[in-house]
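Encoded as structure tokens, the structure appears first; notes follow it.
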Amino acid sequence: MTMRVLCVLHQAHSTTGQVGIALKQLGVQVQIVRPLVGQRLPRDLNRFDGLIVFGGPMSANDDHLEGIRRELKLIEQWLHRDRPLWGICLGAQLMSRALGASVDSHPEDRVEVGWYPLHSRGLGHREFGTLSHVYQWHREGYQLPPGATRLAVGAPGAAFTEQAYRIGHRALATQFHPEMHPPMMRRWLARATHMLELPGAHPTEFHNAGMRRYYAKQARWLKRTLHAWLTIP
Numbered sequence: 003m004t005m006r007v008l009c010v011l012h013q014a015h016s017t018t019g020q021v022g023i024a025l026k027q028l029g030v031q032v033q034i035v036r037p038l039v040g041q042r043l044p045r046d047l048n049r050f051d052g053l054i055v056f057g058g059p060m061s062a063n064d065d066h067l068e069g070i071r072r073e074l075k076l077i078e079q080w081l082h083r084d085r086p087l088w089g090i091c092l093g094a095q096l097m098s099r100a101l102g103a104s105v106d107s108h109p110e111d112r113v114e115v116g117w118y119p120l121h122s123r124g125l126g127h128r129e130f131g132t133l134s135h136v137y138q139w140h141r142e143g144y145q146l147p148p149g150a151t152r153l154a155v156g157a158p159g160a161a162f163t164e165q166a167y168r169i170g171h172r173a174l175a176t177q178f179h180p181e182m183h184p185p186m187m188r189r190w191l192a193r194a195t196h197m198l199e200l201p202g203a204h205p206t207e208f209h210n211a212g213m214r215r216y217y218a219k220q221a222r223w224l225k226r227t228l229h230a231w232l233t234i235p
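Each residue of the sequence shown is one higher than the one before, starting from 3 at the first, in this note's numbering.
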């Protein structure tokens, strides 16, 4: 039977990027929903084998947005279902809130925008292997939720310590953006140039250099991890 994954995006022009490409290569059907632009979540969640909540420019603390409130409830429901769940950046922050942890900006308004080192911890050594740098684009970070298993942190002195965790065997959160691929990076750099001016952001040439050096390894890691994430017994 063909597996189906529900992908939650946050803007009208957002795409699933490399995640969507890898899922299709694995023979997985993808359905996209955008609650923050007025689209309704599917009524029958039992039709889906996995849920991925992607990133976006809004905050996980934007409770005044109906879409954010609906996504928090969706994540809570999915956690109770014990099915594969992956939160990416904003999605990871929403997962953290749903699990009782806080999401905050850096006290000095530092950001992570570009390619940054990833340091595995504990079970994360098996999870990430030789993946050394990942693509970041965020102004807020999460605290490790109660009961979560820390998988990775940033480099010493990083603006945001927490980078990846698991809840149980089926729920994964990554602060970084494994869905990023070349067209997406070019689009972000063109549409959100103001982010490059914030403290801690990398200049455009660092983004391009990192693409040449780290992207292929991140994409290979993503495909392997998606396959394992969907087939955990």
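We put the CB at the ideal spot given by N, CA and C, even for glycine.
Residues in its own chain within less than 7 Å of residue i by CB, not counting five upstream and five downstream?
{"i": "L25", "result": "V7, V32, L228"}
{"i": "G89", "result": "V55, L96, M97, A175"}
{"i": "D64", "result": "I70"}
{"i": "H135", "result": "W117, Y118, P119, L120, G212, Y216"}
{"i": "A94", "result": "Y144, A175, T176, Q177"}
Pop quiz: residue i and residue j are said to be a contact at Cβ under 8 Å. What is the actual Cβ separation, rounded to whole angstroms?
{"i": "R172", "j": "L87", "result": "6 Å"}
{"i": "D51", "j": "M97", "result": "Rounded, the Cβ-Cβ distance is 18 Å, inconsistent with contact."}
{"i": "P37", "j": "G69", "result": "4 Å"}
{"i": "A161", "j": "H108", "result": "5 Å"}
{"i": "G116", "j": "H204", "result": "3 Å"}
{"i": "Q145", "j": "S104", "result": "5 Å"}
What residues in its chain sit with their C-beta under 6 Å from that of residue i, if we drop five residues either side in the sequence?
{"i": "L53", "result": "L8, W80, L87"}
{"i": "Q138", "result": "E114, Y118, F178"}
{"i": "M186", "result": "G19"}
{"i": "A150", "result": "Y167, I169"}
{"i": "G126", "result": "L153, A154"}
{"i": "V39", "result": "A14"}
{"i": "S122", "result": "F130, A154"}
Counting along the chain, where does the beta strand (DSSP E) carrying residue i start and finish?
{"i": "T176", "result": "173-176"}
{"i": "R71", "result": "No beta strand (DSSP E) contains R71, which is instead part of the alpha helix (DSSP H) from 68-83."}
{"i": "V105", "result": "105-107"}
Based on the DSSP secondary-structure assignment, which residues constitute the bridge partners of residue i?
{"i": "Q138", "result": "G116"}
{"i": "A166", "result": "A154, T176"}
{"i": "L53", "result": "L8, L87"}
{"i": "I34", "result": "C9"}
{"i": "S122", "result": "A154"}
{"i": "Y217", "result": "Y217 is not bridged to any residue."}
{"i": "G58", "result": "Looking at the DSSP assignment, G58 forms no beta bridge with any residue, so it has no partner."}
{"i": "G143", "result": "D106"}
Is residue i close to the ligand ADP? I mean its beta-carbon at under 7 Å from any heavy atom of the ligand.
{"i": "N48", "result": "No copy of the ligand ADP occurs in the structure displayed, which carries no ligand at all."}
Note down, in chain order, each residue of its chain lying with its Cβ closer than 8 Å to the Cβ of residue i, except the 5 sequence neighbours on either side.
{"i": "W223", "result": "F130, G131, L133, P180"}
{"i": "L27", "result": "Per the sequence presented here, residue 27 reads as Gln, with Leu not at that position. For Q27, where only same-chain residues beyond five positions count, the Cβ hits under 8 Å are K225."}
{"i": "L198", "result": "V115, L191, H204, P205, T206"}
{"i": "P158", "result": "none"}
Please report the residue range of the alpha helix (DSSP H) in which residue i lies.
{"i": "L96", "result": "92-100"}
{"i": "L285", "result": "Within the shown structure, residues of the chain are numbered from 3 to 235, placing residue 285 beyond reach of any answer."}
{"i": "A192", "result": "184-193"}
Report yes or no: do three or more beta-carbon pairs, one from the segment 151-171 and one from the segment 7-16, lie closer than 8 Å? No, because fewer than three Cβ pairs between the segment 151-171 and the segment 7-16 fall closer than 8 Å, the two stretches do not touch.
Evaluate the contact criterion for the segment 54-61 versus the segment 182-190: three or more CB pairs, one atom per stretch, below 8 Å. Touching, no, given that fewer than three Cβ pairs across the two stretches are closer than 8 Å.
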